[in-house]
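Letter 215 of the sequence shown, counting from 1, is numbered 758 in the working numbering, and no numbers are missing. Data first, discussion second: the structure below is written as structure tokens.
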Amino acid sequence: MGLGNDPETAGVIRIGVLDNDPFALDAMCAMIAAMSRDFHVVWSTGSPAVAIEHCHNAHTRPDVLVLDMALGGITGADVCRRIRRRTGEVGVICVTSYSTDVYRAEAIKAGAQGLLAKERLKTDITDAVRRAAAGKPTAAQAEAGFHDAASAYALLSGTVPAKMSEDMKDSLSAREKDILRLYAQRLTTDEIAQRLGIAKGSVFTYVHRAADKLGVTSRREVLEACARYDLL
Numbered sequence: 544m545g546l547g548n549d550p551e552t553a554g555v556i557r558i559g560v561l562d563n564d565p566f567a568l569d570a571m572c573a574m575i576a577a578m579s580r581d582f583h584v585v586w587s588t589g590s591p592a593v594a595i596e597h598c599h600n601a602h603t604r605p606d607v608l609v610l611d612m613a614l615g616g617i618t619g620a621d622v623c624r625r626i627r628r629r630t631g632e633v634g635v636i637c638v639t640s641y642s643t644d645v646y647r648a649e650a651i652k653a654g655a656q657g658l659l660a661k662e663r664l665k666t667d668i669t670d671a672v673r674r675a676a677a678g679k680p681t682a683a684q685a686e687a688g689f690h691d692a693a694s695a696y697a698l699l700s701g702t703v704p705a706k707m708s709e710d711m712k713d714s715l716s717a718r719e720k721d722i723l724r725l726y727a728q729r730l731t732t733d734e735i736a737q738r739l740g741i742a743k744g745s746v747f748t749y750v751h752r753a754a755d756k757l758g759v760t761s762r763r764e765v766l767e768a769c770a771r772y773d774l775l
């Protein structure tokens, strides 16, 4: 991780921040940026989908993502898990206004490198960000059970999500569901394209979109998720 050997950026830690409360988001970004001249908040967002896309894109991927655990329809653990299943190149630090005991087990299972109480960010965030930029938890977080990013990625990559939030369940479009139902009936891509009167490439596009929405990476995993959560 990091920005390579460019002398202009050597040692710089690129940070993304996700919080659906705009006031908390602005405050957290300002605080993190002020903690060290090496900390650069390269983007911030209140949208889980935007954060996930940025972390999946090599051009916008931060070294560290700081995200709130309570995001409305999707949890911080859901976001972390969807990122970790695709990459071990982002260190993830979860934060919460509630007791860390409430979310600790969930954050660990999702592949985060730590969970911090917002009230302690000023004292704890600097070390946590530096360690997470190297893909590692702090000593205290490791003692609490958090794993390094590479190990978490190895455990989670290629697996169907252990659970799915309601907004993820409702995210598939009617056409995506139609195509997936036909695949579940063991029709080939050519047969599906002919039956629906669309190009073969369009079939692949719809499956790719469904995979992105469900946080998986292959048609097989999409169908497994649909079967597990009765999405079709």
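Glycine included, C-beta positions come from ideal geometry on N, C-alpha and C. Here the structure is a predicted model, which means the values were calculated and not measured.
Here's the rule: buried if 16 or more other CB atoms are within 10 angstroms of the residue's CB, otherwise exposed. What is residue i?
| i | result |
| --- | --- |
| Glu551 | Caution is warranted here: a pLDDT of 44 is assigned to Glu551, below 50, making its placement in the model unreliable, and no coordinate value can be reported. |
| Val645 | exposed |
| Gln684 | buried |
| Tyr696 | buried |
Determine the contact status of residue i and residue j, defining contact as a CB-CB distance below 9 Å.
| i | j | result |
| --- | --- | --- |
| Ala648 | Gly619 | no |
| Ala631 | Asp606 | The sequence shown places Gly at residue 631, rather than the Ala named in the question. In this structure, Asp606 does not lie closer than 9 Å to Gly631 by Cβ. |
| Arg628 | Ser700 | yes |
| Val750 | Tyr726 | yes |
| Gly559 | Thr588 | yes |
Could you tell me the distance, in whole angstroms, from the CA atom of residue i to the CA atom of residue j?
| i | j | result |
| --- | --- | --- |
| Asp564 | Asp733 | 46 Å |
| Ile556 | Gln737 | 50 Å |
| Ile651 | Asp562 | 19 Å |
| Asp581 | Val765 | 40 Å |
| Thr669 | Asp611 | 17 Å |
Along the chain, where does the beta strand (DSSP E) that runs through residue i open and close?
| i | result |
| --- | --- |
| Ile636 | Gly634 to Thr639 |
| Leu766 | First-last for Leu766: Arg762 to Tyr772, but that is the alpha helix (DSSP H), not the beta strand (DSSP E). |
| Arg738 | Arg738 -> not in any beta strand (DSSP E); alpha helix (DSSP H) instead, spanning Thr732 to Leu739. |
Could you spell out where the alpha helix (DSSP H) holding residue i opens and where it closes?
| i | result |
| --- | --- |
| Ile651 | Thr643 to Lys652 |
| Arg526 | The question about residue 526 has no answer, for the chain in this structure spans 544 to 775. |
| Asp569 | Pro565 to Met578 |
| Arg673 | Leu664 to Ala676 |
| Ala754 | Lys743 to Leu757 |
Kindly indicate which residue of the options has the alpha-carbon position closest to the one of residue i.
| i | options | result |
| --- | --- | --- |
| Leu608 | His602, Phe747 and His597 | His597 |
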